[in-house]
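Undergrad: Numbering (this note's numbering), first residue to last: 218 to 372.
Here is the structure:
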C-alpha cells in the first residue's frame, strides 16, 4: 500500500548507530504518544538500550538521509543540530514485566531530549483506543518496512 506524506503522521523510524560502518541503520518503528515520548516494541532494544546509540526520525515519507545512512559520521552526537526531524533519545524504558518468550509486555517508551515539532499534519500523536476493540473487527496496520528492495519506505 502506498501513502502520501501525512497519512501516518505518528509513525517514526528508530535508527541505531553501527560502529563498524560508522553510520545509522533503520532498526524498528515506533509511534508518537506525545511531544516527548515514543512507544515501540521492547525487543527492538534487547541487544542495545543505550540511548546514545539511537536516533529517531519523524515527519518524513522517506527515512533515508545520506548524512546518516551513507556517509561515515564524524560527530554523531551533534548530528541532530543540522538535520530536520531527527531527534535524540534521553532514555529508553522497557516494561519491567517483559518476557522474551511470547513477547509478553513487549513494550518500551523512549523519552526524548527535546520535544518533537508536532504540526498536526506530517507529525502528530497517535490516537489511542479508548475502549477494547471488537473481536474479529477490522484494523489498519502501518510501519516502516522494505518494499521492492527499496529501504525506508513507509508501507
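Yeah, the Cβ is synthetic: ideal placement off N, Cα and C, and Gly gets one too.
All figures in this text were calculated on a predicted structure; none of them were measured in a lab.
Let me check one thing: in DSSP terms, what residues is residue 257 bridge-paired to?
TA: The partner list for residue 257 (beta bridge, DSSP) reads 325.
Undergrad: Buried or exposed for residue 313, please, with buried defined as at least 16 other CB atoms from any protein chain shown within 10 angstroms of its CB.
TA: Exposed, since its Cβ has fewer than 16 Cβ neighbours within 10 Å.
Undergrad: With DSSP as the reference, please indicate the residues paired to residue 245 in a beta bridge.
TA: Paired residue(s): 231.
Undergrad: Using the Cα positions of residue 352 and residue 230, report the straight-line distance between them to the nearest angstrom.
TA: In a straight line, the C-alpha of residue 352 is about 29 Å away from that of residue 230.
Undergrad: Could you work out which residue in 355, 356, 333, 338 is closest to residue 250 when comparing CA atoms only?
TA: Cα-wise, what sits closest to residue 250 is 333.
Undergrad: On the DSSP bridge assignment, give the partners of residue 271 in chain order.
TA: In DSSP, residue 271 forms a bridge with 233.
Undergrad: What separation, rounded to the nearest whole angstrom, lies between the Cα atoms of residue 292 and residue 234?
TA: Computed Cα separation, rounded: 12 Å.
Undergrad: Does the beta carbon of residue 269 come closer than 8 Å to any beta carbon on chain C?
TA: Given the protein chain composition of this structure (a single chain), no chain C is represented.
Undergrad: Rounding to the nearest angstrom, what Cα-Cα distance links residue 236 and residue 285 in this structure?
TA: Going from the Cα of residue 236 to the Cα of residue 285 covers about 13 Å.
Undergrad: Looking at the strands, I want to know which residues DSSP matches up with residue 299.
TA: None; residue 299 has no bridge partner.
Undergrad: Residues in the same chain with beta-carbon distance under 8 Å from residue 315, minus the five sequence neighbours each way, listed in chain order, please.
TA: 259, 321, 322, 323, 324, listed in sequence order.
Undergrad: Closest to residue 272 by C-alpha separation, out of 288, 294, 278, 263, would be which residue?
TA: Nearest of 288, 294, 278, 263 to residue 272, Cα basis: 294.
Undergrad: Could you check if residue 357 is buried or exposed, using at least 16 other CB atoms within 10 Å of its CB as the buried criterion?
TA: When all chains shown are included, residue 357 counts as exposed.
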